[in-house]
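A.B. asks:
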Amino acid sequence: MQLNQLTISQAKEGLKAKKFSALEITQDCLGKIKSDNPKINAFLTVCVKEALLQAKKADKQISKNIDDKQALLGIPIAIKDIFCTQGIKTTAGSKVLADYVPVYDATTVKRLKEAGAIILGKTNLDAWAHGSSGENSDFGPTKNPVNQDYVPGGSSSGSAACVASQMALAATGSDTGGSIRLPASFCGVVGLKPTYGRVSRYGVISMASSFDTIGCFGKEVKDTAILLKVMAGSDGFDATAPDLPVPDYPKNLEKSLKGLKIGLPQEYFSQGLDSKVKERINQIAKSFEKQGAQVIEVSLPHTKYALAAYYIIQPSEVSSNLARYDGLRFGADRSFFGPEAKRRIMLGTYTLSSGYYDAYYLKAMKVRTLIKKDFDEVFQKVDLLLTPVSPTLPFKIGEKTQDPLQMYLSDIYTVTANLAGIPGLSVPAGLVDGLTVGFQLLGPQFAEEKLLQVAYQYEKNQ
Amino acid sequence: MKNKIKLTTEEVKHVAKLANLDLTDQEVNQFQEQLSEVLDYVEILKEVSTDKVEPTSQVTSLENVLREDEPGDSLSQKDVLSGAKKTHEGRFQIKRILNND
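So the protein lines, in turn, are chains A and B.
Residue 1 is where the first sequence starts when you use our numbering, and the numbers rise one by one after that.
Residue 463 is where the second sequence starts when you use our numbering, and the numbers rise one by one after that.
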């Protein structure tokens with residue numbers, strides 16, 4: 001077995017038992033990147049020298065003794081290229097930042113490094129995280145490793161694709177409207193979008209600040225639990241990350257589904273949903289019932305307004321966040337923005353402009369209240385919700401690039417979690433027509449532990 | 463029949479000016495069409511009665527998150543200037559932005 005195929009848990013066990021070294025795992029990952037990345041385009045920057053150096057350091061540490069406080073000691077991972085990394089180029093997938101080298105680490109990067117993780121490199125994304133397919137990267141699209149004619153989903157396209165194709169053991173991502181969950185579903189890996197504020201946003205280049213959520217990708221549920229435990233918690237640099245205790249997610253995974261109430265929101269199964277995806281999600285519901293959970297139909301009546309509210313608020317916040325890129329202190333000037341960034345800046349500037357603010361932005365923020373209230377009420381009745389991640393299977397490269405609205409509709413089942421600030425988990429549900437499909441679990445704010453427990457039980461029974 | 467929203471070329475150019483973006487004529491035409499389509503789609507929100515609804519601008523209900531006003535570590539001048547194309551005596555050097563004429 002090639003060591004790049006290991007999960008984090010397997011690698012940790014093997015390192016502890018001295019079956020192999022961190023250097024060997026890292027070399028296997030770098031070998032896989034060298035052979036496959038020219039086809040997949042998952043990495044924008046590969047840090048060969050630094051990764052090997054870090055691996056040797058980790059091995060030295062391991063030879064002394066494994067410190068349980070370092071949950072990721074010797075584990076090679078990839079970082080979405082929207083997380084600032086000190087001394088390593090950080091582009092956000094945009095030519096505006098083609099030569100930008102941050103002088104500090106994002107809080108999450110700092111925490112992952114302190115936990116002993118080895119950074120293999122920075123992964124491709126839709127520029128500024130604007131996109132559902134990975135095709136909006138200014139450095140070329142990432143290909144879906146399952147079938148290279150298809151998109152891997154976006155915006156965390158490279159992170160999902162590099163984990164799916166075994167180039168890295170795990171990766172970080174950011175999710176503003178589905179950017180972790182959609183590519184996880186399209187590539188067949190686990191993708192976790194935590195509660196808004198559970199993980200610090202400091203040092204992650206801002207897209208839409210009231211939605212931006214930091215999370216991760218893993219080959220299995222437990223790996224995302226391990227990563228979340230390292231990344232979560234309050235941070236003096238992000239006032240929106242509350243000072244709440246961080247549960248021991250990986251330790252608490254084992255819990256029976258008996259007595260659990262899972263809701264199927266009927267609005268997520270109506271017209272527009274691919275019938276084969278629908279059938280697969282219904283099978284998943286049945287498997288939860290077999291494991292002792294109660295599955296009931298519920299309603300989130302304002303669902304049909306979610307995407308419209310999202311595509312007002314999000315571009316508004318984007319236009320404000322991208323206003324700072326003037327090329328004066330770092331980066332290139334505004335003529336370097338790609339078409340999608342320009343489109344969103346234009347849309348957001350319009351909806352915030354004098355005379356339109358009330359009709360668009362304020363109205364959308366009020367609808368957001370109603371969507372959040374729908375979730376608050378439904379979680380009085382059920383513990384979790386089970387839904388599709390995307391209304392369709394992965395689509396072909398080029399299929400939707402000329403029609404922005406069709407592309408935006410890919411996010412219809414994922415934006416709701418960002419509007420309400422609740423956690424969402426995308427879990428692989430096998431193949432349909434040779435392409436991967438995932439299911440989504442949604443829970444109340446700060447219910448990550450429950451989402452992970454339920455997904456873990458599902459995974460164990462496969 | 464519902465009236466389709468259609469931005470004018472002038473509106474698109476005005477928004478581009480507000481956003482400090484230089485658009486080509488082709489981009490103006492393209493955005494005129496695409497933004498109109500998205501604005502038409504979001505018209506659906508007019509169906510929702512929101513008269514007595516408060517807007518939500520943040521979701522976790524945190525209030526007044528403060529810290530002690532104590533100075534901590536900060537970046538060095540050299541680090542701060544490391545991404546600048548041009549510097550002058552430890553400062554950013556940029557093109558003139560105001561004209562005297």
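Beta carbons are placed, not taken as given, at the ideal position from N, Cα and C, and that holds for glycine.
Here the structure is a predicted model, which is why all the values come from computation and not from measurement.
#1: Going by beta carbon distance, what residues of the same chain come within less than 6 Å of Q2 (chain A), once the five residues before and after it are set aside?
#2: Jot down the residue ranges of each uninterrupted alpha helix (DSSP H) in the region 195–240 of chain A, minimum 4 residues, whole runs only, in chain order.
#3: To the nearest angstrom, how far is the alpha carbon of V382 (chain A) from that of E516 (chain B)?
#4: Would you list the one or two residues that DSSP bridges to I397 (chain A)?
#5: Might you give, ordered along the chain, the residues of its own chain that have their beta carbon closer than 6 Å to the beta carbon of F139 (chain A), omitting 5 neighbours on each side?
#6: Note down, in chain order, all residues in the region 513–530 of chain B with a beta-carbon under 7 Å from any beta-carbon belonging to chain A.
#7: Using the Cα positions of A106 (chain A) and K122 (chain A), report the straight-line distance between them to the nearest angstrom.
#8: Specify, as a first and last residue, the run of the alpha helix (DSSP H) that E530 (chain B) falls within.
#9: In the region 533–560 of chain B, which residues sit with their C-beta less than 7 Å from some C-beta in chain A, listed in chain order?
#10: Beta-carbon of S390 (chain A) versus every beta-carbon of chain B: anything under 8 Å?
#11: Scan the region 494–508 of chain B for residues whose Cβ lies nearer than 7 Å to a Cβ of chain A and list them as they occur along the chain.
#12: Can you give me the start and stop residues for the alpha helix (DSSP H) that T351 (chain A) sits inside?
#13: Which of the three DSSP states, helix, strand or coil, is assigned to I371 (chain A)?
#14: From this set, A:G263, A:G236, A:G348, A:S9, which residue's C-alpha is nearest P444 (chain A)'s C-alpha?
#15: Report the three-state DSSP secondary structure of F379 (chain A) (helix, strand or coil).
#16: Measuring alpha carbon to alpha carbon, tell me which residue in A:G203, A:P388, A:K110, A:E13 is nearest Y268 (chain A).
#17: To the nearest angstrom, how far is the alpha carbon of A92 (chain A) from that of S137 (chain A)?
#18: In terms of DSSP beta bridges, what is P428 (chain A) paired with?
#19: Which whole-angstrom value is the C-beta distance of A309 (chain A) and D223 (chain A), which I expect to be below 8 Å?
#20: Which chain B residues sit within Cβ distance under 7 Å of F330 (chain A)?
#21: Does the Cβ-Cβ distance between K80 (chain A) and S156 (chain A) come in under 8 Å?
#22: Which chain B residues are close to L44 (chain A), counting only those with a beta carbon under 8 Å from its beta carbon?
#23: Which bits of chain B does A232 (chain A) rub up against, with CB to CB less than 8 Å?
#24: Secondary structure at E449 (chain A), three-state DSSP: helix, strand or coil?
#25: Should the region 218–232 of chain A be called in touch with the region 8–19 of chain A, which here means at least 3 C-beta pairs below 8 Å?
#26: State whether the region 231–244 of chain A contacts the region 198–205 of chain A, with contact taken as three or more CB pairs (one from each stretch) at a distance under 8 Å.
#27: Can you pull the chain B residues whose beta carbon is under 7 Å from the beta carbon of M365 (chain A), in chain order?
C.D. replies: This is what the structure holds:
#1: Along the first sequence, read from residue 1 onward, the residue named residue 2 (chain A) stands at position 2. Within the same chain, Q2 (chain A) has close Cβ partners D28.
#2: Taking only runs of at least 4 residues, the alpha helix (DSSP H) segments lying wholly in the region 195–240 of chain A are 221–231.
#3: Against the first sequence, residue 382 (chain A) aligns to sequence position 382. Against the second sequence, residue 516 (chain B) aligns to sequence position 54. Answer to the nearest angstrom: the Cα atoms are 26 Å apart.
#4: In the first sequence, counting from the first residue as 1, residue 397 (chain A) sits at position 397. In DSSP, I397 (chain A) forms no bridge with anything.
#5: Along the first sequence, read from residue 1 onward, the residue named residue 139 (chain A) stands at position 139. For F139 (chain A), where only same-chain residues beyond five positions count, the Cβ hits under 6 Å are L44.
#6: Taking 7 Å as the Cβ-Cβ cut-off against chain A, the residues of the region 513–530 of chain B that qualify are V515, E516, P517, T518, S519, Q520, V521, T522, L524, V527, R529.
#7: Indexing the first sequence from 1 puts residue 106 (chain A) at position 106. Indexing the first sequence from 1 puts residue 122 (chain A) at position 122. Between the C-alpha atoms of A106 (chain A) and K122 (chain A) there is a straight-line separation of about 13 Å.
#8: Residue mapping note: residue 530 (chain B) aligns to position 68 of the second sequence, counting from 1. Judged by DSSP secondary structure, E530 (chain B) falls outside any alpha helix (DSSP H); it is assigned neither H nor E.
#9: Correct list: L537, D541, S544, G545, A546, F554, I556.
#10: Position 390 of the first sequence, counting from 1, holds the residue named residue 390 (chain A). At a cut-off of 8 Å, the C-beta of S390 (chain A) has no neighbouring C-beta in chain B.
#11: Cβ contacts with chain A come from Q496, L497, E499, V500, Y503, V504, I506, L507.
#12: The sequence position of residue 351 (chain A) within the first sequence is 351, counting from 1. Where T351 (chain A) is concerned, the enclosing alpha helix (DSSP H) starts and stops at 339–352.
#13: The residue you call residue 371 (chain A) lines up with position 371 of the first sequence. Of the three classes helix, strand and coil, the one that applies to I371 (chain A) here is helix, per DSSP.
#14: Working through the first sequence from its first residue, we reach residue 444 (chain A) at position 444. When only C-alpha atoms are compared, the closest one is A:G263.
#15: On the first sequence, residue 379 (chain A) is found 379 positions in, with the first residue counted as 1. Collapsing the DSSP output to three states places F379 (chain A) in a helix.
#16: Residue 268 (chain A) sits at position 268 when you count from the first residue of the first sequence. Comparing Cα-Cα distances from Y268 (chain A) to each of A:G203, A:P388, A:K110, A:E13, the minimum goes to A:P388.
#17: The sequence position of residue 92 (chain A) within the first sequence is 92, counting from 1. The sequence position of residue 137 (chain A) within the first sequence is 137, counting from 1. Across the structure, A92 (chain A) and S137 (chain A) are spaced so that their CA atoms are roughly 9 Å apart.
#18: As a position in the first sequence, residue 428 (chain A) is number 428, starting the count at 1. Beta-bridge analysis with DSSP links P428 (chain A) to A:G438.
#19: Walking along the first sequence from the start, residue 309 (chain A) turns up at place 309. Walking along the first sequence from the start, residue 223 (chain A) turns up at place 223. A Cβ-Cβ separation of about 33 Å leaves A309 (chain A) out of contact with D223 (chain A) under the 8 Å criterion.
#20: Within the first sequence, residue 330 (chain A) is the residue found at index 330, counting from 1. Within chain B, the residues near F330 (chain A) are G545, A546.
#21: Position 80 of the first sequence, counted from the first residue, corresponds to residue 80 (chain A). Position 156 of the first sequence, counted from the first residue, corresponds to residue 156 (chain A). Going by C-beta atoms, K80 (chain A) is nearer than 8 Å to S156 (chain A).
#22: Within the first sequence, the letter at position 44 stands for residue 44 (chain A). When 8 Å is used as the limit between beta carbons, L44 (chain A) is near no residue of chain B, the shortest such separation being about 18 Å.
#23: Indexing the first sequence from 1 puts residue 232 (chain A) at position 232. Correct list: empty, because the minimum Cβ distance to chain B is about 14 Å.
#24: Sequence index remark: in the first sequence, residue 449 (chain A) carries index 449 (1-based). Helix.
#25: Verdict: yes, contact present.
#26: Taking 8 Å as the limit for Cβ pairs, the verdict is that the region 198–205 of chain A does touch the region 231–244 of chain A.
#27: Counting from 1 along the first sequence, the entry for residue 365 (chain A) is found at position 365. Residues of chain B passing the Cβ test: P517, T518, S519.
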